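Residue 131 in the working numbering sits at position 128 of the sequence shown, and the numbers go up by one each step. Using N, Cα and C, we set each Cβ at its ideal position, and we do this for glycine too. Source: prediction; values computed, not measured.
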Amino acid sequence: MASIYQPAEDSYLMSRILKEQLPELLNKNPDLRFLEIGAGSGIHLQTASRLGVKKENIFSSDINKNSVNHCNLLGFNCIYSDLFENIEGKFDLIIFNPPYLPQDSNEPEDSSLATTGGVKGNEIILRFLNDAKFHLEKNGKIFLITSSLSEDINFQDLGYVEKELGCEKLFFERLCIWELKII
Numbered sequence: 004m005a006s007i008y009q010p011a012e013d014s015y016l017m018s019r020i021l022k023e024q025l026p027e028l029l030n031k032n033p034d035l036r037f038l039e040i041g042a043g044s045g046i047h048l049q050t051a052s053r054l055g056v057k058k059e060n061i062f063s064s065d066i067n068k069n070s071v072n073h074c075n076l077l078g079f080n081c082i083y084s085d086l087f088e089n090i091e092g093k094f095d096l097i098i099f100n101p102p103y104l105p106q107d108s109n110e111p112e113d114s115s116l117a118t119t120g121g122v123k124g125n126e127i128i129l130r131f132l133n134d135a136k137f138h139l140e141k142n143g144k145i146f147l148i149t150s151s152l153s154e155d156i157n158f159q160d161l162g163y164v165e166k167e168l169g170c171e172k173l174f175f176e177r178l179c180i181w182e183l184k185i186i
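This is the structure we're talking about:
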């Protein structure tokens, strides 16, 4: 059984962006519906709850059953799902810290589920973006992490307008979080 993805630089960058952005979003919409795809350890669910998102409006999923069980034990609504496969409804904010690294044949299968985004590193992100628009409320937003190690994505070609919310340069890659809205 796969281990739970533990918070790392990408997780902390997303937490920082949530702390910067969620208060204003909640001020505009106190009943904000929040969805995290790939909940992992639940760090972002906990952040959203601490910042004031109502627990009954926090939803999440993961393809790793250990993560699903862990997040449910933390008191959050988390379901087993491959991206949006088992997700119903629309949300005001969808966040995703995806597997974004290009395929590496030396990586153990146990960890590749949480880190490998396909041959070019962006295939899972492309699948996510193709489906996410059907789960966004009008004026809804997506917060998405990308890495300089995976192939670039043209968000506009996929029907989104993007805004860079923050980046972090690590010694081997540059991580960025994008705010995406449907064009």
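Just mark N125 as buried or exposed, buried being the case when its beta carbon has 16 or more other beta carbons within 10 Å. As a position in the sequence shown, residue 125 is number 122, starting the count at 1. By the neighbour-count criterion, in which a residue is buried when 16 or more other Cβ atoms sit within 10 angstroms of its Cβ, N125 is buried.
9 Å Cβ cutoff met for L25 and E171: If you number the sequence shown from 1, residue 25 lands on position 22. If you number the sequence shown from 1, residue 171 lands on position 168. Result no, Cβ atoms of L25 and E171 do not sit closer than 9 Å.
Spell out the partners DSSP gives G169 in its beta bridges. As a first step, residue 169 is located in the sequence shown; it is residue number 166 there, counting from the start. In the DSSP output, where bridge partners are listed per residue, G169 has I180.
Using the rule of at least 16 other Cβ atoms within 10 Å of the residue's Cβ for burial, across every protein chain shown, is D95 buried or exposed? For the purposes of this step, residue 95 is taken as the residue at position 92 of the sequence shown. That one is buried.
Can the beta-carbon of I97 be found closer than 9 Å to that of Y83? Translated into the one-based positions of the sequence shown, residue 97 becomes position 94. Translated into the one-based positions of the sequence shown, residue 83 becomes position 80. Going by C-beta atoms, I97 is not nearer than 9 Å to Y83.
Could you give the distance in angstroms between the alpha-carbon of V164 and the alpha-carbon of G45? Position 161 of the sequence shown holds residue 164. Position 42 of the sequence shown holds residue 45. V164 and G45: Cα-Cα distance of roughly 28 Å.
Run through the segment 36–76 for me and flag every whole alpha helix (DSSP H) of 4 or more residues, listed as ranges in chain order. Complete alpha helix (DSSP H) runs here, min 4: 46–53 and 68–76.
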